[in-house]
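**Q** Before I ask anything, here is the structure I am working with.
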Amino acid sequence: MRDGQSFDDFYRSTTRRMMRYGYAVVGDYNEAQDLVQEAYARAWRQWGRLSAHPAPEAWLRLVVSRLATDRWRRLRGLRGALRLAGAPPSVSPPNEDSVLLVQALRQVPATHRRALALHYLFDMPVEEIAVEIGVPVGTVKSWLSRGRARLAALLPDLAVVELEATDVA
Amino acid sequence: MSRELSELYRSLAADADARDLGLPDVLRHQADRRARLRAAGGTLAVGLVVVGVVIGSQVVAPPSASVPAPAATPTLSASPSPSATGGSPSPSVPPTTPGRTQSATATSPGTGAPQPPRTPTRIPDRAFFTLAPSNDKGIAPVFQDVAALPGLCGARIPSEAVVHRRTRVLIYKLPQTPKGYVPDGSYAHSITIYRAGRADDVLRELRQAVRDCPVQKLPGDDTPGESRQRLIPDSGFGDESVLFEMRRAGQDVNGDPTGMEDVRLIRAIRVGDVVTILWEQGWEGTSSQRAQVDADSRRAAAAIKVWLG
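Those protein sequence lines, which keep their order, are chains A and B.
First residue of the first sequence? That's 37 in the working numbering, and the numbers climb one at a time after it.
First residue of the second sequence? That's 3 in the working numbering, and the numbers climb one at a time after it.
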């Protein structure tokens, strides 16, 4: 039996974080909104069991990541040109820094985007990211390092000190 | 001025926070409705298969004194197969196309029980067609808030029934054009969702607007000349379509007459409550090629049908 009230509470307490994560991983707000809504819809369909899951929010993030990966696979052929054409306009003027970051993230591999989002949006240590994604700690370190290096190359104003952060080591 | 990556992510988070994802009870109801529709569709499909098998066996097999009743129709479980149990999160649903399962197909008069009309409320990227590889110029479509239709003597196509619209600019080449050459044309390509039952009004009013505007002055106070519009008989695209052309004296990039005519083709296609419009806008004075517009129109209609399910 699914408890609508507990789902609604879960939804209200997690939607903001999920939208941040979806935006950072997908790179397009409207698409992120669709994917996050889809993830919640799937969560509700399985809420009877998922409500007892030890980490339902991590489950949601995994669904969003997989949906986003699928979307990026479909759009892979367009990515090169997207770099030339720039980002589609949002409904309301976004923050300039946000736009720059999203444009740069579009040129970063999906695995790196995911690790970066978990680290910077959720303050997750490398070990937790490794558990969530299901890869060795060394792989996460490599993804974070390479993701930062790529972003630094794409965002010339990015502080160099960020690349030397020891939290990746 | 240098910035840190954490600052940029904070900006991204602030942007994300500025949007609203909707109310949870609305999402639950939509998810349940989709599950019910999916289950009903599956049951209907199985039922049709059973009926087909029975009819087929009657045709093939010799008649018998009594036809045994078919076995009870198998029922499909409406519940998705979960795998969110266990220690690590593992969504059972494969990461296939996200989005909808609902249909916006208009019901046909005289057929059996009408399906409940389901008008989608959002237009995902996948609703837009992709160019054929031979037409791909390597320039990604850009979503822009551009006009979906050219002006037609000031006629207004009502917009109050619009649920959602997205428009993009699409640049293509003709198959025979070698790589590295300039493009051969471009589209303003829009998809609009209308409230249930209103999309056919839009196409009817568009036809009337073209009929009422055989000639008009070119837009812009200082632009000399006029354009001539006419409807072109059209069929075979979506549930219905409207095709019209706009002709004007051709001009080169300096505005000097070329002695040729510049022909633009515009096609609106309705699929259920969704209307997609391909407005071919050429490239540096090229005219629309009917065969190319037809091919892209078919792809556009097919993409919408796939999206609507």
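Idealized CB from N, CA, C, for every residue including glycine.
What you are looking at is a predicted structure, and each value in this text was computed from that prediction instead of being measured.
Could you check whether the Cβ of residue 134/A sits closer than 8 Å to any Cβ belonging to chain B?
**A** In the first sequence, the residue the question calls residue 134/A occupies position 98. Yes, because at least one Cβ of chain B sits closer than 8 Å to the Cβ of residue 134/A.
**Q** With respect to the beta strand (DSSP E) encompassing residue 177/A, which residues constitute its N-terminal and C-terminal limits?
**A** The sequence position of residue 177/A within the first sequence is 141, counting from 1. Element bounds for residue 177/A: not the beta strand (DSSP E) but the alpha helix (DSSP H), 173 to 190.
**Q** Kindly say whether residue 166/A, judged by its beta-carbon, lies nearer than 8 Å to any beta-carbon of chain B.
**A** Position 130 of the first sequence, counting from 1, holds the residue named residue 166/A. Cβ-Cβ to chain B under 8 Å: no for residue 166/A.
**Q** Given a limit of 8 Å on CB to CB distance, which residues of the region 28 to 39 of chain B reach chain A?
**A** Answer in chain order: 29, 30, 32, 33, 34, 36, 37.
**Q** Which same chain residues end up closer than 7 Å to residue 139/B when comparing Cβ atoms and leaving out the 5 residues on each side of it in sequence?
**A** Sequence index remark: in the second sequence, residue 139/B carries index 137 (1-based). These residues qualify, in order along the chain: 173, 174, 175, 185.
**Q** Identify the continuous beta strand (DSSP E) that holds residue 148/A and give its terminal residues.
**A** The residue given as residue 148/A occupies position 112 in the first sequence. Unbroken run through residue 148/A is the alpha helix (DSSP H), 146 to 158; no beta strand (DSSP E).
**Q** Kindly list, in the order they appear in chain B, the residues whose Cβ is closer than 8 Å to that of residue 138/A.
**A** Here residue 138/A refers to the residue found at position 102 when the first sequence is read from its first residue. The answer, in chain order, is 14.
**Q** Could you give the C-beta distance for residue 10/B and residue 136/A, rounded to a whole number, given that I count them as a contact under 8 Å?
**A** Numbered from 1 along the second sequence, position 8 holds the residue referred to as residue 10/B. Numbered from 1 along the first sequence, position 100 holds the residue referred to as residue 136/A. About 7 Å separates the two Cβ atoms, so the contact holds.
**Q** Helix, strand or coil, according to DSSP, for residue 32/B in the structure here?
**A** Sequence index remark: in the second sequence, residue 32/B carries index 30 (1-based). Helix.
**Q** Whose Cβ in chain B lies nearer than 8 Å to the Cβ of residue 52/A?
**A** Within the first sequence, numbered from 1, the residue matching residue 52/A stands at position 16. Simply 18, 19.
**Q** Which residues share a DSSP beta bridge with residue 151/B?
**A** By one-based count along the second sequence, residue 151/B stands at place 149. Bridge partners of residue 151/B: none, in fact.
**Q** Going along chain B, which residues have a C-beta under 8 Å from residue 56/A?
**A** Position 20 of the first sequence, counted from the start, is the residue given in the question as residue 56/A. In chain order: 14, 15, 18, 19.
**Q** Could you compute how far the alpha carbon of residue 36/B sits from the alpha carbon of residue 177/B?
**A** For the purposes of this step, residue 36/B is taken as residue 34 along the second sequence, with counting starting at 1. For the purposes of this step, residue 177/B is taken as residue 175 along the second sequence, with counting starting at 1. So the alpha carbons of these two residues sit roughly 41 Å apart.
**Q** Take residue 134/A as the anchor and find which of 96/A, 191/A, 50/A has the nearest alpha-carbon.
**A** Locating residue 134/A in the first sequence gives position 98, where the first residue counts as 1. Taking only the C-alpha atoms, the option nearest residue 134/A is 191/A.
**Q** Can you give me the C-alpha to C-alpha distance between residue 69/A and residue 251/B, rounded to a whole angstrom?
**A** Along the first sequence, read from residue 1 onward, the residue named residue 69/A stands at position 33. Along the second sequence, read from residue 1 onward, the residue named residue 251/B stands at position 249. Residue 69/A and residue 251/B: Cα-Cα distance of roughly 46 Å.
**Q** What residues in its chain sit with their C-beta under 8 Å from that of residue 315/B, if we drop five residues either side in the sequence?
**A** Because chain B spans 3 through 311 in this model, residue 315/B falls outside it and cannot be assessed.
**Q** Using a Cβ-Cβ distance cut-off of 8 Å, determine whether residue 198/A contacts chain B.
**A** Indexing the first sequence from 1 puts residue 198/A at position 162. Because residue 198/A carries a pLDDT of 45, less than 50, the predicted location of this residue cannot be relied on, and the following value inherits that uncertainty. Interface residue, yes.
**Q** Say whether the region 142 to 153 of chain A touches the region 172 to 191 of chain A, bearing in mind that this needs 3 or more beta-carbon pairs closer than 8 Å, one atom from each stretch.
**A** Judged by Cβ distances under 8 Å, the region 142 to 153 of chain A makes contact with the region 172 to 191 of chain A, as three or more pairs qualify.
**Q** Going by DSSP in three states, residue 268/B sits in which element: helix, strand or coil?
**A** As a first step, residue 268/B must be located in the second sequence, where it is residue number 266. Residue state, collapsed to three classes: strand.
**Q** For a contact meaning CB atoms closer than 7 Å, what does residue 127/B contact in chain A?
**A** Reading the second sequence from its first residue, position 125 is the one you call residue 127/B. The answer, in chain order, is 67.
**Q** Do the region 81 to 89 of chain A and the region 151 to 167 of chain A make contact, defined as three or more Cβ pairs closer than 8 Å?
**A** No contact exists between the region 81 to 89 of chain A and the region 151 to 167 of chain A.
**Q** Can you pull the chain B residues whose beta carbon is under 8 Å from the beta carbon of residue 80/A, in chain order?
**A** As a first step, residue 80/A must be located in the first sequence, where it is residue number 44. Residues of chain B passing the Cβ test: 29, 30, 33, 34.
**Q** In the DSSP output, which residue or residues are listed as bridge partners for residue 280/B?
**A** Here residue 280/B corresponds to residue number 278 of the second sequence, with the count starting at 1. Paired residues: 191/B, 269/B.
**Q** Which word fits residue 258/B, buried or exposed, when buried means at least 16 other C-beta atoms lie within 10 angstroms of its C-beta?
**A** Taking the second sequence and counting its residues from 1, the one referred to as residue 258/B is at position 256. So residue 258/B counts as exposed.
**Q** By how many angstroms is the C-alpha of residue 57/A removed from the C-alpha of residue 66/A?
**A** As a first step, residue 66/A must be located in the first sequence, where it is residue number 30. As a first step, residue 57/A must be located in the first sequence, where it is residue number 21. One C-alpha to the other measures close to 13 Å.
**Q** With DSSP as the reference, label residue 251/B as helix, strand or coil.
**A** As a position in the second sequence, residue 251/B is number 249, starting the count at 1. Strand at residue 251/B.
**Q** Within the continuous beta strand (DSSP E) that includes residue 218/B, where are the two ends?
**A** Numbered from 1 along the second sequence, position 216 holds the residue referred to as residue 218/B. Note, residue 218/B: beta strand (DSSP E), 217 to 219.
**Q** Let me make sure I understand the geometry here. Which of 154/B, 158/B, 18/B has the alpha-carbon closest to that of residue 247/B?
**A** To locate residue 247/B, count along the second sequence from 1; it is residue 245. If we check each option's Cα against that of residue 247/B, 154/B comes out closest.
**Q** Just grab the DSSP bridge partners of residue 259/B for me.
**A** Stepping through the second sequence from its first residue, residue 259/B is reached at position 257. Answer is 253/B, bridged to residue 259/B.
**Q** Would you list, in chain order, the members of the region 184 to 195 of chain A that have their beta-carbon closer than 8 Å to a beta-carbon of chain B?
**A** Answer set for the region 184 to 195 of chain A: 184, 187, 191, 193, 194, 195.
**Q** Output yes if chain B places a C-beta closer than 8 Å to the C-beta of residue 40/A; else output no.
**A** Indexing the first sequence from 1 puts residue 40/A at position 4. Yes, contact with chain B.
**Q** Checking 8 Å against the spacing of the C-beta atoms, do residue 150/B and residue 123/B come in under that value?
**A** For the purposes of this step, residue 150/B is taken as residue 148 along the second sequence, with counting starting at 1. For the purposes of this step, residue 123/B is taken as residue 121 along the second sequence, with counting starting at 1. Contact flag unset, no.
**Q** By how many angstroms is the C-alpha of residue 133/B removed from the C-alpha of residue 215/B?
**A** As a first step, residue 215/B must be located in the second sequence, where it is residue number 213. As a first step, residue 133/B must be located in the second sequence, where it is residue number 131. Near 32 Å, if we compare the C-alpha coordinates of residue 133/B and residue 215/B.
**Q** With a cut-off of 8 Å, does the C-beta of residue 7/B fall near any C-beta of chain A?
**A** Working through the second sequence from its first residue, we reach residue 7/B at position 5. For residue 7/B, the answer is yes, since a Cβ of chain A falls inside 8 Å of its Cβ.
**Q** Counting only the same chain and skipping the five closest in sequence on each side, list residues whose C-beta sits under 7 Å from that of residue 166/B.
**A** Here residue 166/B refers to the residue found at position 164 when the second sequence is read from its first residue. 123, 124, 125, 195.
**Q** Consider the Cβ of residue 59/B: report whether some Cβ of chain A lies at a distance smaller than 8 Å.
**A** Indexing the second sequence from 1 puts residue 59/B at position 57. Low confidence applies here, because residue 59/B scores a pLDDT of 48, under 50, leaving its location unreliable; read the following figure in that light. Taking Cβ atoms only, chain A never reaches closer than 8 Å to residue 59/B, which makes this a no.
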